[in-house]
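Right, one structure below, let's go through it.
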Amino acid sequence: MSKEQYVWSIPLRLFHLVFVVSIVILTVTGFYIYSPGGGAVAEETIGFDMGATRSWHFIVAGAFVVSVLLRLVLFVGGGTKYEKFTDFAPVNNRNLKNLFSTIAYYLYLTDKHERRLGHNALAGSSYIGIVLVSLVQILSGFCLLYPESGLWQGTGLALFGSIATVRFVHHIFTWLFILFAVIHVYIAVWNHVRTPAEGMLLSIFTGKKQDSEE
Amino acid sequence: MALTRREFLKGISLTVAALGLPAEFIPRMVQAAMAKKRPPVIWLHFQECTGCTETLLRASHPDVAKLIFELISLDYHETIMAAAGHQAEKSLHDSVQANKGKYICVVEGGIPTADKGIHCKIAGKTGVQIIKEVANNAAAVIAIGTCAAFGGVQAAKPNPTRVKSAGDLIKGPPVVNIPGCPPNPANFLGFILHYLTFGKLPALDKLGRPKFAYGRLIHDHCERRAHFDDGRYAEEFGGEGHKLGYCLYKLGCKGPQTYANCPTARFNDVGAWPVGIGHGCAGCTEPGFWDNGSFYERLPEIAGLKVDEAGGKATGAVAVAAGVHAVAGVGRKLAKAKGGK
Ligand code: SF4
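As they're listed, the protein sequences go chains B and Y.
Numbered as in the numbering used here, the first sequence ends at 198 without a single skipped number.
Numbered as in the numbering used here, the second sequence ends at 342 without a single skipped number.
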C-alpha cells in the first residue's frame, strides 16, 4: 500500500531549480574569470569576453542570492513542515538518532532505519552546510564586487583579513559546491535505486513522495 | 638648495592633482604651505630596508623631496641627519620634550616584539620602548611603507621576530598608513600638504590608508584594463600578447585586489609604474602580501598544489569513493540474493 504525500512546496522546488541552475552558471563563468582560456581575443572585434562574462556572473549571482534567502526563510516556515530546520537539523534527540541510523544505513551496516518523508538528518545537515557555504560565497562575492564601498571592504577585512584572502576563499568555496553536487546527486540516485517505490528523484519536480513500506 | 617659486608651485600643483582636489585649491595650499610654522617631524627607523627613505630622497626631479623638506622641520632622521651618537639622541629627546603632542612621527619599518623586542635596538633601546616614548607622544603618526603599516617582509610567515605594525603598538595618536614597497613619495607629500591646509587627517579607508591614494583598486584605473575586459591577455613574458601590451592578469597581476594610485601617480617622475613596463602588480600595498602566494600566480597554493589541482584531486577522490560505495552495494545485494536461495 502506498500513499501519495505532499512533501516539497512550490517555493522549495523553485529554490532548488534556481539554486542548481545558478550554481552551474556561476561555476562556469567563475572559472573563466579566474583563468580566461581560449587564447587572446582578436583586436577590433566585438570582444568584451571578460566584461560580458563578469556581467553574467553578477546577474546570475543576484538570482543565487534570492534563492538562498528563500531557503533561509523556508528553514523557519512558510513551506511544508519537512522543509523546516527542526525537521532535520541534528539539534534534538529524534534527529540525532536519525543521523546515526542513516550513517549506518549508508555504510550498509543495517537495512533498517527510520524512514523520513522529508530530509533524513544526515542529508539535512549537509543542506544546512551548503547554505552556510553559500552565505560565505555571497559575502565574499559582494566584497569583491564593491571594492570601493567601506561597508563591504570592512566586512571582507573583518571576516577574512585581507582582500587577497577574500578572493582565495571565494575560489576554494567554488570547489565545495562541486564536491557537494557530486555527493548529493550520487546519494539521491543511490536512494532511488534502493527504494524506487518512494519516487525520490521525481519528488523535487512534483513535490510528492510515495509513503511506502519497503 | 632652496626651492624656486616655479618648482614650489609645480610641486603643489602635482600634489593637488594627486589628492584629487580641484585647481581652486592650489592657492589655498600655497598659502598654507607658506604661512604655517613648519611642523616638527621625527622619523624613526625599525626593521626595514630604508627603501622608503631612499625613494623619497632619490626622486628624479627634485620638487617632491625638496618641497617636503621645505614644508616640515625634520628634527630627527637617522639616515640623513648630520648629528651622530649622543648628539643625535639628545636632539631626539629635546624635540620630543619641546613639542610633546605637537610633532608628526613617521615610522618606517616593522617593530619586533619577540624576546622583549631585542631584535631591533637603537641607542640601547628596543623598538617597542622607542614607540612608547616617541610615537605615543606625537600629534599623529604616519606609518610609511608596508613594513610599518602591516609588518611587511619580516612579518611574513613564520614571522620569527614577531614583528608588529606601528598601528598595532601605538596608543594615543591617530596612525595613518601609507603602505607600499616602497610607497609613492607623492602620497607622503599629499598627506603633509593636506594636514597643513586643512589641519586634520584626510579621509581614511578601513586599513587606515588615505583614500586619496588608496581608495581605488589598481585594476579599476589601469591602462591595460580595456584588454582585460576584451579578453586579451599576455600568456608569457616576452610572448606575443606581452609585446602587444595586453593585460597581465594571467601572469599573476594582483591589481584586482590591490588598493593604490600607482596607475595615476606613477613613479620616478618619468611616468613609469610596474604594470606600465610589463610586470604584474605584486600587491605591495596590501596586508600580508608576502604570504599571498607567488607574484606570478593568481592565488596561493594549498599544500603545495595549485588550487584547481587540489580541487580536482578532491573531486576525483569523492567520485572514486562513490564508485566503491556503489559496487559494495551491488556486491552485497548479489551475496544476499545467493544466500536467500
Ligand atoms: S594588468 Fe593587472 S591591473 Fe591592469 S587590467 Fe590587467 S589585471 Fe588589472
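Virtual Cβ for every residue (Gly too), placed ideally from N, Cα, C.
Within chain B, the residues that residue i reaches when beta carbons sit closer than 8 Å
| i | result |
| --- | --- |
| ALA85 of chain Y | The contacting residues do not exist; ALA85 of chain Y stays about 40 Å from chain B at best. |
| GLY284 of chain Y | ALA148 |
| ARG233 of chain Y | ALA24, VAL25, GLU27, GLY31 |
Contact list for residue i against chain Y, beta-carbon separation under 7 Å
| i | result |
| --- | --- |
| GLN137 of chain B | ASP206, LYS207 |
| GLU132 of chain B | GLY216, ARG217 |
| TYR170 of chain B | ALA323 |
Residue i, buried or exposed, once every other Cβ within 10 Å from all chains shown has been counted against 16
| i | result |
| --- | --- |
| PRO180 of chain B | exposed |
| VAL8 of chain B | exposed |
| ILE(-6) of chain B | exposed |
| PHE189 of chain B | exposed |
| ARG210 of chain Y | buried |
| THR259 of chain Y | buried |
| ILE131 of chain Y | buried |
| THR80 of chain Y | exposed |
| GLU198 of chain B | Confidence in GLU198 of chain B is poor, its pLDDT being 45 and thus under 50, which makes the residue's placement unreliable; the coordinate value appears in the next sentence. With fewer than 16 Cβ atoms within 10 Å of its Cβ, GLU198 of chain B is classed as exposed. |
| TYR104 of chain Y | buried |
| ILE43 of chain B | exposed |
| TYR234 of chain Y | buried |
| ALA187 of chain Y | buried |
| ASN293 of chain Y | buried |
| VAL229 of chain B | Because residue 229 of chain B is not part of the residues shown, which for chain B are -15 to 198, the question remains open. |
| SER96 of chain Y | buried |
| ASP206 of chain Y | buried |
| LEU93 of chain B | exposed |
| MET(-15) of chain B | Confidence in MET(-15) of chain B is poor, its pLDDT being 48 and thus under 50, which makes the residue's placement too unreliable to answer from. |
| THR158 of chain B | buried |
| GLN88 of chain Y | exposed |
| PHE199 of chain Y | exposed |
| PRO264 of chain Y | buried |
| LYS251 of chain Y | buried |
| ASP116 of chain Y | exposed |
| GLY118 of chain Y | buried |
Partners in chain B for residue i, counting only beta-carbon separations shorter than 7 Å
| i | result |
| --- | --- |
| PHE229 of chain Y | MET34 |
| VAL308 of chain Y | HIS155, ILE156 |
| PRO161 of chain Y | The contacting residues do not exist; PRO161 of chain Y stays about 20 Å from chain B at best. |
| PRO264 of chain Y | Simply none; closest approach about 15 Å. |
| PRO301 of chain Y | PHE152 |
| GLN258 of chain Y | ILE147, ALA148, ARG151 |
| ASN293 of chain Y | ALA148 |
Near the ligand ATP: residue i beta-carbon under 7 Å from a heavy atom
| i | result |
| --- | --- |
| GLY272 of chain Y | The ligand ATP is not among the ligands present in this structure, which contains only the ligand SF4. |
Beta-carbon neighbours of residue i, restricted to chain Y and to distances below 9 Å
| i | result |
| --- | --- |
| TRP174 of chain B | ALA323, HIS326, ALA327, GLY330 |
| TRP159 of chain B | VAL308, ASP309, ALA311, GLY312, GLY313, ALA315, THR316 |
| LEU123 of chain B | The contacting residues do not exist; LEU123 of chain B stays about 15 Å from chain Y at best. |
| VAL166 of chain B | THR316, VAL319, ALA320, ALA323 |
| LEU141 of chain B | LYS207, LEU208, PRO288 |
| ILE200 of chain B | There is simply no residue 200 of chain B to check, as chain B begins at -15 and stops at 198 in what is shown. |
| LEU163 of chain B | GLY312, ALA315, THR316, VAL319 |
Neighbour list for residue i in chain B, Cβ cutoff strictly below 9 Å
| i | result |
| --- | --- |
| GLY289 of chain Y | GLY145, SER146, ALA148, THR149 |
| ARG29 of chain Y | In chain order: nothing, as chain B lies at least about 27 Å away. |
| ARG225 of chain Y | The premise fails here: ARG225 of chain Y is roughly 12 Å from chain B at the closest Cβ pair, so nothing lies under 9 Å. |
Per-residue contacts from residue i into chain Y (C-beta, under 8 Å)
| i | result |
| --- | --- |
| PRO20 of chain B | GLY232, TYR234, TYR250, LYS251 |
| LEU54 of chain B | Per Cβ cutoff of 8 Å: no residues; LEU54 of chain B is ~28 Å from chain Y at best. |
| TYR89 of chain B | Within 8 Å Cβ-Cβ: nothing; TYR89 of chain B doesn't reach chain Y, min ~11 Å. |
| TYR92 of chain B | ALA329, GLY330, ARG333 |
- Query: What are the uninterrupted segments assigned as beta strand (DSSP E) that are 3 or more residues long and contained completely in the stretch 166 to 212 of chain Y, given in chain order?
  - Reply: Segments of the beta strand (DSSP E) lying fully in the stretch 166 to 212 of chain Y: 176 to 179.
Could you tell me whether the stretch 92 to 111 of chain Y touches the stretch 14 to 22 of chain Y, using the rule of 3 or more Cβ pairs below 8 Å?
-> Because the criterion of three Cβ pairs below 8 Å is not met, the stretch 92 to 111 of chain Y and the stretch 14 to 22 of chain Y do not touch.
* Asked: Residue ranges of each alpha helix (DSSP H) run of no fewer than 4 residues wholly in the stretch 65 to 127 of chain Y, ordered along the chain?
  -> You should have 86 to 99.
### Query
Do three or more CB pairs link the stretch 316 to 326 of chain Y to the stretch 167 to 176 of chain B at distances below 8 Å?
By the Cβ rule, the stretch 316 to 326 of chain Y counts as touching the stretch 167 to 176 of chain B, because three or more pairs are nearer than 8 Å.
Counting beta carbon pairs with one atom in the stretch 242 to 261 of chain Y and one in the stretch 107 to 121 of chain B, are three or more of them shorter than 8 Å?
Note that the stretch 107 to 121 of chain B does not touch the stretch 242 to 261 of chain Y; fewer than 3 beta-carbon pairs, one per stretch, sit closer than 8 Å.
Please determine if the stretch 312 to 319 of chain Y and the stretch 167 to 182 of chain Y are in contact, where contact requires at least 3 C-beta pairs separated by less than 8 Å. Segments in contact, no.
Exercise. When the Cβ atoms of the stretch 142 to 157 of chain Y are set against those of the stretch 284 to 295 of chain Y, are three or more pairs found closer than 8 Å?
Worked result: Short answer: they touch.
_What ranges does the alpha helix (DSSP H) occupy inside the stretch 2 to 67 of chain Y, keeping only unbroken runs of at least 4 residues that lie completely in it?_
Counting only runs of 4 or more, we get 6 to 20, 26 to 36, 52 to 58.
- Any chance the stretch 88 to 99 of chain B sits against the stretch 27 to 47 of chain B, with 3 or more Cβ pairs inside 8 Å? No, they do not touch.
*Are three or more beta carbon pairs between the stretch 249 to 257 of chain Y and the stretch 205 to 224 of chain Y nearer than 8 Å?*
The stretch 249 to 257 of chain Y is in contact with the stretch 205 to 224 of chain Y.
Counting Cβ pairs closer than 8 Å, one from the stretch 30 to 43 of chain Y and one from the stretch 117 to 124 of chain Y, do we hit at least three?
-> Contact fails between the stretch 30 to 43 of chain Y and the stretch 117 to 124 of chain Y, because fewer than three Cβ pairs, one in each stretch, are under 8 Å apart.
For the structure I just gave you, are there three or more beta carbon pairs, one from the stretch 163 to 174 of chain Y and one from the stretch 108 to 116 of chain Y, closer than 8 Å?
Yes, the stretch 163 to 174 of chain Y is in contact with the stretch 108 to 116 of chain Y.
(Q) For a minimum of 4 consecutive residues, which ranges assigned as the alpha helix (DSSP H) are wholly contained in the stretch 35 to 84 of chain B? (A) Within the stretch 35 to 84 of chain B, the runs of alpha helix (DSSP H) that reach at least 4 residues and sit entirely inside it are, in chain order, 69 to 72.
ask   = If we count Cβ pairs, one from each stretch, closer than 8 Å, do we get three or more for the stretch 72 to 87 of chain Y versus the stretch 136 to 143 of chain Y?
value = The stretch 72 to 87 of chain Y, when compared against the stretch 136 to 143 of chain Y, does not touch it at the 8 Å Cβ threshold.
Residue ranges of each alpha helix (DSSP H) run of no fewer than 4 residues wholly in the stretch 120 to 197 of chain B, ordered along the chain? Entirely contained in the stretch 120 to 197 of chain B, the alpha helix (DSSP H) runs reaching 4 residues are, in chain order, 134 to 144, 147 to 178, 184 to 190.
Looking at C-beta atoms only, is the number of pairs between the stretch 75 to 88 of chain B and the stretch 51 to 67 of chain B that lie closer than 8 Å three or more? No, the stretch 75 to 88 of chain B does not touch the stretch 51 to 67 of chain B.
Counting only runs that start and end within the stretch 204 to 265 of chain Y, where is the alpha helix (DSSP H) found for 4 or more residues in a row?
-> Taking only runs of at least 4 residues, the alpha helix (DSSP H) segments lying wholly in the stretch 204 to 265 of chain Y are 212 to 215, 226 to 231, 241 to 244.
Let me know the alpha helix (DSSP H) ranges lying completely inside the stretch -2 to 25 of chain B, each 4 residues or longer, listed in chain order.
The alpha helix (DSSP H) runs of length 4 or more contained entirely in the stretch -2 to 25 of chain B do not exist; there are none.
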